[in-house]
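Chemist: Please read through the structure below; I'll follow up with questions.
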Amino acid sequence: MTNIIPMSILTVRQEELSDTQMIVDGTIPNDLSGHIFLLAPVGHVDSKRDGALVFPSKDGTPLFNGNGMIYRLDFDKPGTVGLKSKIAKTPCYYADDATKPGSEYQEYGFRNFGLARLSISLGVRSVANTALVPLKFAGEDERMLVTCDVGRPYEIDTHSLEVVTPIGWNKEWREQLPIHLPFEMVMNTAHPFFDAHTNEMFTVNYGKSLPTFLSTIFKSEVGKLSSAFKGMIERFAKLPEEKQNIKNLEIEKEIPRELFNKETDESSERVKSFWQRLRELLKREKEEQEQQEENEGNARELLSELKQLMIVVKQ
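Using my numbering, the final residue of the sequence shown is 305, and nothing's skipped along the way.
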């Protein structure tokens, strides 16, 4: 079967290149100087691969969900073009690499969910793969940011291409939801604007309240839920308003105790079965992810339910 999209677009390489001389077809004008910066997604640490060739979308993951590779074309030597490339390694990149399948900490690993890459233990990946934003404050050298829609912008060193620092402290950015995990879900624009006349950068940062977020998840299904489950959802929706340390809730102990008390006898077996299936799925997903292809349909459905439930209970 012929691919609708050329394989050259669907495959990438993750090698980081340094001071590589490009083969030039034709002649480069001697008075051409400067640099061209490019940015593109190149998959994740666990993307399918054949040697150096990586297939980011082979498992159905959108091509846009991947670590950002920064490329710089150099025209600083007459008649030649140099190339340097570097993956934008934000802090969560190192956590992703340390928890990839086969590692000692794989149970905490990140998994792809459409355009997002999540870990129920660590939070949300910030892949910095969408845009490059140049900026120059009066009296200072030129600077460069890499951005994405989920996560803070990061400044890079334009010479080494290494990630230098995020823009702003975590506490200065609002989370999409207060999930209280190491890597927060920060929603902003991937295309902030720098005004060289006023020395200001303009961006946005947005989110939803927990009740609003829950309504989009459960609105179509709420009529099908038992009174026990409805009560649980209402309780979690009110948690941010309660004067208690939500971070210290022992989630895995708290949920069964709340669900299986005397007031929920009418649906205890159904809820218990559901909760047990979720836990079993999580265990299988961590230990035997490669062996789950035959159950892919059911696994994806349960993973979606698990993600929604964990977002709620982490509050």
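Cβ atoms here follow ideal geometry from the backbone N, Cα and C, with glycine treated the same way.
#1: Just to confirm, is the Cβ distance from Ala78 to Asp139 under 8 Å?
#2: Check Lys161 in the structure and name its three-state DSSP category.
#3: Quick check: what's the CA-CA separation for Ile26 versus Leu167?
#4: Are Thr10 and Leu73 touching if we call contact CB-CB under 8 Å?
#5: Is Asn20 buried or exposed, if buried means 16 or more other CB atoms sit within 10 Å of its CB?
#6: Which residues in the same chain as Leu125 place their Cβ atom closer than 6 Å to its Cβ, once the five residues preceding and following it in sequence are excluded?
#7: Going by DSSP, which residues form a beta bridge with Ser75?
#8: Determine the burial state of Tyr144: buried for a count of at least 16 other Cβ atoms within 10 Å of its Cβ, exposed for fewer.
#9: To the nearest angstrom, how far is it from the Cα of Ser150 to the Cα of Val71?
#10: Would you decide whether His34 is buried or exposed? Buried here means 16 or more other CB atoms lie within 10 Å of its CB.
#11: Under the assumption that Gly56 contacts Pro46 (Cβ atoms under 8 Å), give the Cβ distance between them as a whole number of angstroms.
#12: Should Ile(-1) go down as buried or exposed, given a rule of 16 or more other Cβ atoms within 10 Å for buried?
#13: What first and last residue would you give for the beta strand (DSSP E) that runs through Ser109?
#14: Going straight from the alpha carbon of Val117 to that of Phe103, what length do you get?
#15: Within 10 Å of its beta-carbon, does Gly113 have 16 or more other beta-carbons around it, so buried, or fewer, so exposed?
Modeler: Answer, in terms of the structure:
#1: No, they are not a contact pair.
#2: Lys161 carries a helical assignment under DSSP once its states are collapsed to helix, strand and coil.
#3: Rounded to the nearest angstrom, the two C-alpha atoms are 37 Å apart.
#4: Yes, they are a contact pair.
#5: Around the Cβ of Asn20, a 10 Å sphere holds fewer than 16 other Cβ atoms; the residue is exposed.
#6: For Leu125, the CB contacts under 6 Å within the same chain, skipping 5 residues up- and downstream, are Arg133 and Phe184 in chain order.
#7: Beta-bridge pairing links Ser75 to Tyr61.
#8: Burial call: buried.
#9: Taking the CA atoms as reference points, Ser150 sits about 17 Å from Val71.
#10: So His34 ends up on the buried side.
#11: Contact flag correct, Cβ pair sits at about 5 Å.
#12: Counting other Cβ atoms within 10 Å of its Cβ, Ile(-1) stays below 16 and is therefore classed as exposed.
#13: Boundaries of the beta strand (DSSP E) harbouring Ser109: Ala106 to Ser109, taken from the DSSP string.
#14: For the pair Val117 and Phe103, the Cα-to-Cα distance works out to about 14 Å.
#15: Its Cβ being crowded by 16 or more others within 10 Å, Gly113 is buried.
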